[in-house]
């Protein structure tokens with residue numbers, strides 16, 4: 002429980018979304034038992050999908066970024082195909098530049114907050 006509290010307090014937004022596909026009935030029973038121990042915000046980000054998951058995935062993920070075996074159109078060539086390729090938004094220069102700007106702003110805010118905080122309490 003202490004780990005869950007630490008995770009909820011300090012890492013609340015590390016998970017954007019999680020899709021569990023091809024989940025059988027046994028997993029669904031297990032999931033329903035386990036999710037009561039997780040934060041409600043985290044549980045809301047997790048979708049457990051059965052065997053008809055393709056339409057759900059392409060609503061959220063651009064088909065060009067989703068391998069064909071998951072219902073998308075991506076068919077990376079080379080060893081391992083899409084699973085071992087490094088294709089993803091982390092390689093998009095526009096996105097990485099935006100992230101760097103946001104990280105810089107966050108660092109400046111943290112430094113400012115730290116400098117103006119009363120550490121005598």
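In the numbering used here, the protein residues as written are 2 to 122.
Ideal Cβ placement from N, Cα and C applies to all residues, glycine included.
Please read all numbers here as calculations on a predicted model, not as lab measurements.
query: Find out if the Cβ-Cβ distance for the pair residue 73, residue 63 is shorter than 9 Å.; result: yes
query: Out of 39, 100 and 16, which one is the CA nearest neighbour of residue 4?; result: 39
query: Can you name, in chain order, every residue of its own chain whose Cβ lies under 7 Å from the Cβ of residue 32, other than the five neighbours on each side?; result: 49
query: If the criterion is Cβ atoms closer than 9 Å, does the pair residue 75 and residue 67 meet it?; result: yes
query: Less than 8 Å between C-beta atoms, sequence neighbours within five positions excluded: which residues of the same chain meet that for residue 88?; result: 66, 75 and 77
query: Thinking C-alpha only, which one of 105, 70 and 103 is nearest residue 82?; result: 70
query: Which of helix, strand or coil does DSSP assign to residue 67?; result: coil
query: Considering just the uninterrupted stretch of the beta strand (DSSP E) at residue 49, what are its terminal residues?; result: 47-49
query: Please classify residue 4: does DSSP put it in a helix, a strand, or coil?; result: helix
query: For residue 96, which residues from the same chain have a beta carbon less than 7 Å from its beta carbon, with the 5 sequence-adjacent residues on both sides left out?; result: 90
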